[in-house]
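Participant: Quick note on numbering: the sequence shown equals residues 1 to 292 in the UniProt record's numbering.
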Amino acid sequence: MKKFKGLYPALVTPYDRNGKVDDKKAQKLVEHLLDCGVDGFYIGGSTGESYLLSMQERKQMLEAVVEAADGKAEVIANIGVFATEHGIELAKHAQKTGVAAISSVPPFYFSFNMEEYIRYYEDLADAVDVPVLIYNIPAMSGIHFSKSDLERLLSNEKIIGIKHTSYDLFQLQQIIEEHPDKSVFIGHDELYLSALAVGVQAGIGSTFNIMAGKFQRLNQLFAEKKLEEALKVQGEVNAVVEVLCKVGVFKGIKEILKLQGFDCGDCRRPFLPLTENEKELVKETARLQHLI
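Next up, the structure:
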């Protein structure tokens with residue numbers, strides 16, 4: 001079984017002046033991040049505003065990224081939606097497009113029971129030949145997978161791992177120890193160094209869009225056991241994350257990308273544009289952390 005390793009930016013979705021998905025901007029950003037040394041891309045996640053896109057727009061964005069990646073990096077498609085049949089539609093499209101894996105947040109809003117969540121992932125795995133990643137994000141989905149729930153899911157050979165966007169490092173360590181053949185991604189950038197310490201070898205991150213170099217440096221320092229230096233770099237990352245949380249993570253990332261020369265437009269409504277004061281705070285933080 002292939003194990004995924006390295007840095008996978010959770011790519012933003014760029015828009016043109018009319019608010020439409022912009023393929024060329026997406027491809028330009030992919031090419032830039034490839035030059036930064038990332039290992040792959042995660043498309044259609046929270047950072048990509050997936051639930052603010054139509055099904056067709058999600059397909060369009062994925063096609064643009066796979067074309068730009070051109071086999072130089074792996075692409076993982078998040079196909080999470082409410083209805084299983086819609087998830088399968090996106091999963092089949094992702095397989096046809098040529099992704100390395102699909103991922104899905106469990107369906108939320110409705111109060112499904114755990115048997116229904118497990119069956120959801122099994123249905124996805126049965127519908128396509130590409131491997132499946134669980135997207136564990138309890139703060140957004142409201143769904144908490146227990147140890148036994150994950151054991152049931154990960155016993156399926158086609159479910160090859162998990163994106164763990166949770167602050168539960170205890171559970172993370174247990175997953176890695178008990179499922180050494182599975183791919184485990186940390187999904188909280190502010191915990192990246194802590195995740196490395198419990199055995200994580202891969203990350204899917206929003207801020208990889210704007211500071212992939214800092215995470216490359218974290219990997220290098222950790223491998224060299226230079227933990228004090230690594231902690232300093234993680235502190236720099238967290239200083240950025242703290243400000244992003246104040247102004248809106250996805251809005252702030254797009255603002256820094258604009259300052260870096262990649263104008264991806266504003267986030268879609270009901271997100272509102274940053275205020276001038278928020279823009280200035282983001283700009284000053286980016287300058288202090290040498291992102292611009």
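Here a beta-carbon is modelled for each residue, glycine too, at the ideal position from N, C-alpha and C.
Any idea if P106 is buried or exposed, counting beta-carbon neighbours within 10 angstroms, 16 or more meaning buried?
Facilitator: As a working note, residue 106 is residue 106 in the sequence shown. Buried is the call here.
Participant: Where does A202 sit, in a helix, a strand or coil, going by DSSP?
Facilitator: Here residue 202 refers to the residue found at position 202 of the sequence shown. The answer is strand: DSSP assigns A202 an E or B state.
Participant: What are the complete beta strand (DSSP E) segments, minimum 3 residues, inside the region 82-117?
Facilitator: DSSP runs (the beta strand (DSSP E)) wholly in the region 82-117: 101-104.
Participant: Would you call the CB atoms of V249 and S206 closer than 8 Å?
Facilitator: Here residue 249 is taken as the residue at index 249 of the sequence shown, counted from 1. Here residue 206 is taken as the residue at index 206 of the sequence shown, counted from 1. Yes, these two residues count as a Cβ contact at 8 Å.
Participant: Given a cut-off of 8 Å, decide if P9 and D22 are closer than it, judged by their beta-carbon atoms.
Facilitator: For the purposes of this step, residue 22 is taken as the residue at position 22 of the sequence shown. For the purposes of this step, residue 9 is taken as the residue at position 9 of the sequence shown. No, the pair does not count as a contact, with Cβ atoms beyond the cut-off.
Participant: Do three or more CB pairs link the region 33-46 to the region 206-221 at distances below 8 Å?
Facilitator: Judged by Cβ distances under 8 Å, the region 33-46 makes contact with the region 206-221, as three or more pairs qualify.
Participant: Hey, out of E115, I256, E190, L272, whose CA is closest to K232's CA?
Facilitator: Residue numbering aside, residue 232 sits at position 232 when the sequence shown is read from its first letter. Comparing Cα positions, the closest option is E190.
Participant: At what residues does the alpha helix (DSSP H) containing F208 begin and finish?
Facilitator: Residue 208 sits at position 208 when you count from the first residue of the sequence shown. Note, F208: alpha helix (DSSP H), 208-223.
Participant: Look up K28 in the DSSP assignment and say whether it is helix, strand or coil.
Facilitator: For the purposes of this step, residue 28 is taken as the residue at position 28 of the sequence shown. Three-state result, K28: helix.
Participant: Could you check whether V75 and I102 sit closer than 8 Å to each other, using their CB atoms as the reference points?
Facilitator: As a first step, residue 102 must be located in the sequence shown, where it is residue number 102. As a first step, residue 75 must be located in the sequence shown, where it is residue number 75. Their beta carbons are not under 8 Å apart, which means I102 does not touch V75 by this criterion.
Participant: Based on the DSSP output, what are the partners of L133 in its beta bridges?
Facilitator: Looking up residue 133 in the sequence shown gives position 133. DSSP lists S103, G161 as partners of L133.
Participant: Just tell me which of E122, V99, T47 has its CA closest to the CA of T84.
Facilitator: Start at 1 with the first residue of the sequence shown, and residue 84 comes out as number 84. Among E122, V99, T47, the Cα nearest to that of T84 belongs to E122.
Participant: Quick one: is E58 buried, meaning 16 or more other Cβ sit within 10 Å of its Cβ, or exposed?
Facilitator: Looking up residue 58 in the sequence shown gives position 58. It is worth fixing the name first, because residue 58 is Arg in this sequence and not Glu. Classification of R58: buried, given that the 10 Å Cβ count is 16 or more.
Participant: Go ahead and pull the three-state DSSP assignment for F250.
Facilitator: What you label residue 250 is simply residue 250 of the sequence shown in a count that begins at 1. Here F250 sits in helix by DSSP.
Participant: Just verifying my parser: in three-state terms, what is the DSSP assignment at G40?
Facilitator: The residue given as residue 40 occupies position 40 in the sequence shown. Strand at G40.
Participant: Please name the residue, chosen from K225, V128, V237, that lies closest to H188 on a Cα-to-Cα basis.
Facilitator: Along the sequence shown, one-based indexing puts residue 188 at 188. Comparing Cα-Cα distances from H188 to each of K225, V128, V237, the minimum goes to V237.
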